[in-house]
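Heads up: the structure comes next, in structure tokens.
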Amino acid sequence: MSDDIQIGTDGRLNHFISLEELPRELIEELLTTADSFIDFATRDTKKVPLLRGKTVVNLFFEPSTRTRTTFEIAAKRLSADVITMQSDGMSTTKGETILDTVSTLQAMHTDTFVVRHSFSGTADLIARHVPQHVHIINAGDGRYSHPTQALLDMLTIRQRKPNFNNLTVVIVGDVLHSRVARSEISALKKLGAGEIRIVSPRTLIPTGLEALGVRIFTDLDEGLKDADVIVMLRLQLERMEGQLIPSEREYYRYYGLTEERLKNAKPDVMVMHPGPINRGLEIASSVADGSHSVILSQVSNGVAVRMAVMSKIMGGFRQSG
Ligand code: CP
188 MSDDIQIGTD GRLNHFISLE ELPRELIEEL LTTADSFIDF ATRDTKKVPL
238 LRGKTVVNLF FEPSTRTRTT FEIAAKRLSA DVITMQSDGM STTKGETILD
288 TVSTLQAMHT DTFVVRHSFS GTADLIARHV PQHVHIINAG DGRYSHPTQA
338 LLDMLTIRQR KPNFNNLTVV IVGDVLHSRV ARSEISALKK LGAGEIRIVS
388 PRTLIPTGLE ALGVRIFTDL DEGLKDADVI VMLRLQLERM EGQLIPSERE
438 YYRYYGLTEE RLKNAKPDVM VMHPGPINRG LEIASSVADG SHSVILSQVS
488 NGVAVRMAVM SKIMGGFRQS G
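The working numbering applies: residue 188 is where the sequence shown begins, and numbers increase by one.
Have a look at this one:
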């Protein structure tokens with residue numbers, strides 16, 4: 188039996204920690220809801236009163252530009268009251284535990300905490316300690332999971348290539364340290380992606396990865412053959428212990444996505460990157476800014492996806508029709 192705590196005994200989504208245990212139908216429902224929120228961004232009035240009266244606290248113990256800002260914008264567009272706290276402004280720097288910080292903020296009647304932390308399992312730990320009516324959304328924890336990133340990536344793919352069964356999706360780079368890769372593989376499997384490939388130096392491939400049903404390549408040109416979607420990963424130097432690549436220059440030479448290498452893929456290939464991007468390390472500027480790149484669409488979709496997750500958890504939002 189699973190000890191997953193995301194879905195309550197009443198069948199409601201209480202927390203959003205990782206995609207592994209969630210049913211395909213729920214993931215598809217969230218994507219459809221997110222799609223319905225897309226055009227709010229270009230309306231004169233961008234807000235809807237779905238979460239009026241609710242309080243969201245963003246707890247970011249790790250740096251973030253995209254996730255932090257899009258969660259805050261999403262909460263505001265849903266008319267929730269939102270506060271964003273970053274680690275250098277929190278009492279954890281004075282010795283308070285994360286659970287005591289959460290209890291303190293929960294005493295102010297917070298409805299949902301959005302949590303980013305460098306330790307795997309932080310969001311799950313908090314979810315097991317809060318009262319039943321309080322919700323936890325994982326905004327990225329260590330190497331474990333970044334479920335809203337995977338959802339927004341699936342939305343970005345689905346908008347352009349809706350038939351996942353026919354897709355060859357290639358994830359390139361530092362899989363060993365990547366929470367995005369884990370969540371991405373899980374989402375792609377659930378949505379029935381035709382083939383999932385991993386391209387990485389051997390030192391950056393976690394043991395047992397094949398068991399997830401992916402094909403592993405160490406040669407980038409080979410791995411990119413006839414790809415429909417390429418997901419480039421950031422080289423996560425801050426999580427690397429020891430020398431796992433000979434040098435950044437050599438990494439770019441063998442694993443950097445250049446215009447020349449892109450020619451191996453299908454002519455209409457999509458190039459994705461969760462960000463932050465390191466130009467000239469994982470990806471050439473001409474590719475990051477080129478016609479195949481959907482990197483900024485991923486960011487825009489982040490707002491809609493986070494609106495969908497928050498409205499589902501706090502408002503029980505259901506798509507009509
Ligand atoms: N993709 C992502 O998590 O980016 P940030 O670190 O800027 O939030």
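Heads up, the beta-carbon is just placed ideally off N, CA and C, and yes, glycines get one too.
- Unbroken alpha helix (DSSP H) runs of no fewer than 4 residues, entirely contained in the stretch 197-285, are found at 211-224 and 253-264, following chain order.
- Per DSSP, the unbroken beta strand (DSSP E) holding M459 starts and ends at M457 to M459.
- Under the three-state reduction of DSSP, D340 is assigned to helix.
- Annotation for P463 indicates a beta carbon within 7 Å of some heavy atom of the ligand CP.
- Each residue's CA atom was taken as its position, placing F300 and R230 some 28 Å apart.
- Relative to the ligand CP, the beta carbon of S223 is positioned no closer than 7 Å to any heavy atom.
- Counting only runs of 3 or more residues that sit fully inside the stretch 335-407, the beta strand (DSSP E) segments are 355-359, 382-386 and 402-404, in chain order.
- Pairwise C-beta distances place the stretch 342-361 out of contact with the stretch 306-313, as fewer than three of them are shorter than 8 Å.
- DSSP, read as helix, strand or coil, puts N488 in helix.
- Residue state for T299 is assigned as strand, using DSSP reduced to three classes.
- Residue state for D191 is assigned as coil, using DSSP reduced to three classes.
- Cβ contact annotation for S484 (same chain, cutoff 7 Å, sequence separation greater than five): T343, in chain order.
- The C-alpha of D406 is placed about 24 Å away from the C-alpha of A374.
- Checking the 7 Å criterion, the Cβ of G443 is out of range of every heavy atom belonging to the ligand CP.
- Non-local C-beta neighbours of K453 in its own chain, meaning closer than 7 Å and more than five positions away in sequence, comprise D413, A414 and D415, ordered along the chain.
- Within its own chain, the residues whose Cβ lies closer than 8 Å to the Cβ of Q423, once the five positions on either side in sequence are excluded, are D361, H364 and S365, listed in chain order.
- Using a Cβ distance threshold of 8 Å, M494 and A326 do not count as a contacting pair.
- In the DSSP annotation of this structure, the continuous segment of the alpha helix (DSSP H) that includes V474 starts and ends at S472 to A475.
- Per DSSP, I432 lies in no alpha helix (DSSP H) segment and is marked neither H nor E.
- Taking 8 Å as the upper bound for CB-CB distance, L431 and T394 are not in contact here, some 14 Å apart.
- For the 8 Å CB-CB criterion, S266 and L286 do not form a contact.
- The beta-carbon distance between N245 and T271, rounded to whole angstroms, is 4 Å. This is short enough to meet the 8 Å contact definition.
- Per DSSP, the continuous alpha helix (DSSP H) segment holding A314 begins and ends at T309 to A314.
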